[in-house]
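Just so we're aligned: the sequence shown equals residues 488 to 637 in my numbering.
Where is the CB? At the ideal position from N, CA and C, for every residue including glycine.
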Amino acid sequence: MNNIISSHIFYYKPQPFLALKELGGNDIMGLVDLQDETRGRDEIDYRILCKRCNFQITSAKKKIEINGAHRHTFYNPEGVIYDIGCFSSAKGSHNHGGKSFYFTWFEGYSWCFSVCSSCLTHLGWYFEHSRDAGGFYGLVTSKLIEGQVC
(Lines of atoms letter the chains of each structure in order from A and count residues from 1; the text may use other names and numbers.)
(Lines give C-alpha, C1' and ligand atoms only; values in the text may rest on other atoms or scores of the structure.)
Protein backbone atom coordinates (compact mmCIF):
# COMPACT_ATOMS: atom_id res chain seq x y z
CA MET A 1 0.00 0.00 0.00
CA ASN A 2 1.39 3.39 -0.95
CA ASN A 3 1.53 6.21 1.55
CA ILE A 4 -0.89 8.89 0.38
CA ILE A 5 -1.13 12.29 2.04
CA SER A 6 -4.33 14.28 1.60
CA SER A 7 -5.42 17.10 3.91
CA HIS A 8 -4.90 15.46 7.32
CA ILE A 9 -6.02 12.00 6.20
CA PHE A 10 -2.94 9.83 5.99
CA TYR A 11 -2.91 6.25 4.78
CA TYR A 12 -0.67 4.04 6.84
CA LYS A 13 -0.24 0.29 7.02
CA PRO A 14 -0.11 -0.57 10.74
CA GLN A 15 2.96 -2.52 11.79
CA PRO A 16 2.58 -5.61 14.02
CA PHE A 17 4.66 -4.07 16.81
CA LEU A 18 2.36 -1.02 17.11
CA ALA A 19 0.39 -2.01 20.19
CA LEU A 20 -1.54 1.21 20.76
CA LYS A 21 -4.08 2.75 18.43
CA GLU A 22 -3.20 6.34 19.29
CA LEU A 23 -0.18 7.96 17.72
CA GLY A 24 1.67 10.45 19.89
CA GLY A 25 2.09 14.17 19.37
CA ASN A 26 1.36 16.38 16.40
CA ASP A 27 4.25 14.90 14.42
CA ILE A 28 2.83 11.99 12.43
CA MET A 29 5.66 9.90 11.01
CA GLY A 30 7.67 13.07 10.42
CA LEU A 31 4.71 15.00 9.00
CA VAL A 32 4.21 18.14 11.05
CA ASP A 33 0.68 19.51 11.28
CA LEU A 34 0.88 22.96 9.73
CA GLN A 35 -2.89 23.45 9.44
CA ASP A 36 -3.70 23.95 13.12
CA GLU A 37 -5.16 27.43 12.73
CA THR A 38 -6.66 27.47 16.23
CA ARG A 39 -3.40 27.85 18.18
CA GLY A 40 -3.52 30.92 20.43
CA ARG A 41 -7.24 31.52 19.92
CA ASP A 42 -8.61 29.49 22.83
CA GLU A 43 -9.92 32.58 24.60
CA ILE A 44 -12.08 33.61 21.61
CA ASP A 45 -15.39 31.85 20.95
CA TYR A 46 -15.71 31.36 17.21
CA ARG A 47 -17.98 29.18 15.13
CA ILE A 48 -16.69 25.87 13.84
CA LEU A 49 -18.22 25.02 10.48
CA CYS A 50 -18.47 22.07 8.12
CA LYS A 51 -15.76 22.60 5.51
CA ARG A 52 -18.01 21.31 2.72
CA CYS A 53 -21.15 23.44 3.23
CA ASN A 54 -20.24 26.07 5.90
CA PHE A 55 -23.01 24.89 8.25
CA GLN A 56 -22.25 25.60 11.92
CA ILE A 57 -21.35 22.37 13.71
CA THR A 58 -20.14 23.63 17.10
CA SER A 59 -18.08 26.46 18.62
CA ALA A 60 -14.63 26.87 20.14
CA LYS A 61 -16.15 27.09 23.64
CA LYS A 62 -17.26 23.46 23.27
CA LYS A 63 -13.67 22.18 23.02
CA ILE A 64 -12.85 19.67 25.78
CA GLU A 65 -9.97 17.48 26.82
CA ILE A 66 -10.33 13.71 26.86
CA ASN A 67 -7.48 11.69 28.34
CA GLY A 68 -5.56 14.94 28.88
CA ALA A 69 -5.77 16.41 25.36
CA HIS A 70 -8.22 18.14 23.02
CA ARG A 71 -6.61 16.71 19.87
CA HIS A 72 -5.78 13.07 19.21
CA THR A 73 -4.42 11.15 16.25
CA PHE A 74 -5.72 7.63 15.65
CA TYR A 75 -5.84 5.03 12.92
CA ASN A 76 -8.75 2.77 12.00
CA PRO A 77 -8.58 -0.97 11.14
CA GLU A 78 -7.90 -0.10 7.48
CA GLY A 79 -4.89 2.00 8.48
CA VAL A 80 -6.43 5.42 7.73
CA ILE A 81 -5.09 8.01 10.17
CA TYR A 82 -7.43 10.67 11.58
CA ASP A 83 -6.62 13.82 13.53
CA ILE A 84 -9.63 14.60 15.71
CA GLY A 85 -10.64 17.34 18.14
CA CYS A 86 -12.92 16.59 21.10
CA PHE A 87 -16.07 18.66 21.74
CA SER A 88 -18.74 18.47 24.45
CA SER A 89 -21.49 19.09 21.91
CA ALA A 90 -21.93 19.44 18.17
CA LYS A 91 -25.51 20.62 17.62
CA GLY A 92 -24.95 20.97 13.88
CA SER A 93 -24.27 17.28 13.49
CA HIS A 94 -26.45 14.19 13.45
CA ASN A 95 -25.46 10.84 14.96
CA HIS A 96 -25.87 7.97 12.53
CA GLY A 97 -25.75 4.19 12.86
CA GLY A 98 -25.76 1.85 15.80
CA LYS A 99 -23.37 2.04 18.73
CA SER A 100 -20.23 -0.07 18.52
CA PHE A 101 -17.29 -0.91 20.75
CA TYR A 102 -15.33 -2.34 17.79
CA PHE A 103 -11.83 -0.82 17.63
CA THR A 104 -12.91 2.00 19.94
CA TRP A 105 -10.31 4.71 20.41
CA PHE A 106 -11.44 5.53 23.95
CA GLU A 107 -11.66 2.65 26.42
CA GLY A 108 -15.15 2.21 27.88
CA TYR A 109 -16.79 4.30 25.13
CA SER A 110 -18.98 3.06 22.31
CA TRP A 111 -19.10 5.11 19.11
CA CYS A 112 -21.38 5.92 16.21
CA PHE A 113 -20.83 8.09 13.15
CA SER A 114 -21.44 11.84 13.26
CA VAL A 115 -22.45 13.62 10.04
CA CYS A 116 -23.17 17.24 9.13
CA SER A 117 -26.90 17.90 9.59
CA SER A 118 -26.92 20.00 6.42
CA CYS A 119 -24.89 18.10 3.78
CA LEU A 120 -24.48 14.70 5.52
CA THR A 121 -20.68 14.72 5.21
CA HIS A 122 -19.03 12.34 7.67
CA LEU A 123 -17.44 14.65 10.27
CA GLY A 124 -16.32 12.16 12.91
CA TRP A 125 -17.82 10.14 15.73
CA TYR A 126 -19.93 10.46 18.85
CA PHE A 127 -18.46 8.56 21.81
CA GLU A 128 -20.70 7.51 24.70
CA HIS A 129 -19.47 6.00 27.96
CA SER A 130 -20.88 2.60 28.85
CA ARG A 131 -21.43 3.44 32.56
CA ASP A 132 -23.03 6.87 32.38
CA ALA A 133 -24.98 9.06 29.99
CA GLY A 134 -21.96 11.24 29.26
CA GLY A 135 -20.50 11.49 25.80
CA PHE A 136 -18.46 13.69 23.48
CA TYR A 137 -17.76 14.27 19.82
CA GLY A 138 -14.47 13.42 18.12
CA LEU A 139 -14.52 15.52 14.94
CA VAL A 140 -11.99 15.22 12.10
CA THR A 141 -10.09 18.51 12.08
CA SER A 142 -9.56 18.54 8.31
CA LYS A 143 -13.34 18.49 7.76
CA LEU A 144 -13.91 21.65 9.81
CA ILE A 145 -13.15 25.35 9.29
CA GLU A 146 -13.32 28.40 11.51
CA GLY A 147 -16.19 30.80 11.07
CA GLN A 148 -17.05 34.21 12.47
CA VAL A 149 -16.69 35.06 16.13
CA CYS A 150 -19.86 34.17 18.06
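What is the DSSP secondary structure of residue i, reduced to helix, strand or coil?
i	result
Ser629	helix
Ala577	coil
Lys548	helix
Arg558	strand
Ile634	It is Gly, not Ile, that sits at residue 634 in the sequence shown. Here Gly634 sits in strand by DSSP.
Cys540	coil
Gly566	coil
Leu610	strand
Flag this pair as yes or no: are the beta carbons of residue i and residue j separated by less than 8 Å?
i	j	result
Arg539	Gly634	no
Ile531	Leu626	no
Lys586	Glu552	no
Phe574	Phe623	yes
Ile568	Arg558	no
Gly579	Ser617	no
Phe590	Ser597	no
Among residues of its own chain, excluding the 5 on either side of residue i, which ones have a beta-carbon nearer than 6 Å to its beta-carbon?
i	result
Asn582	Cys599, Ser601, Tyr613
Ile632	Leu536, Lys538
Asn554	none
Ala577	Ile544, Thr545, Tyr624
Asn563	none
Ala547	Asp532, Tyr533
Lys549	Phe574, Ser575, Ser576
Report all residues from its chain with a CB closer than 7 Å to the CB of residue i; omit the five preceding and five following residues, and keep chain order.
i	result
His609	Phe600, Val602
Gly611	Ile571, Ser601, Tyr624, Gly625, Leu626, Val627
Which residues share a DSSP beta bridge with residue i?
i	result
Glu615	Ser597, Gly622
Ser587	Trp598
Asn582	Ser601
Ile531	Answer is none; Ile531 lacks a bridge partner.
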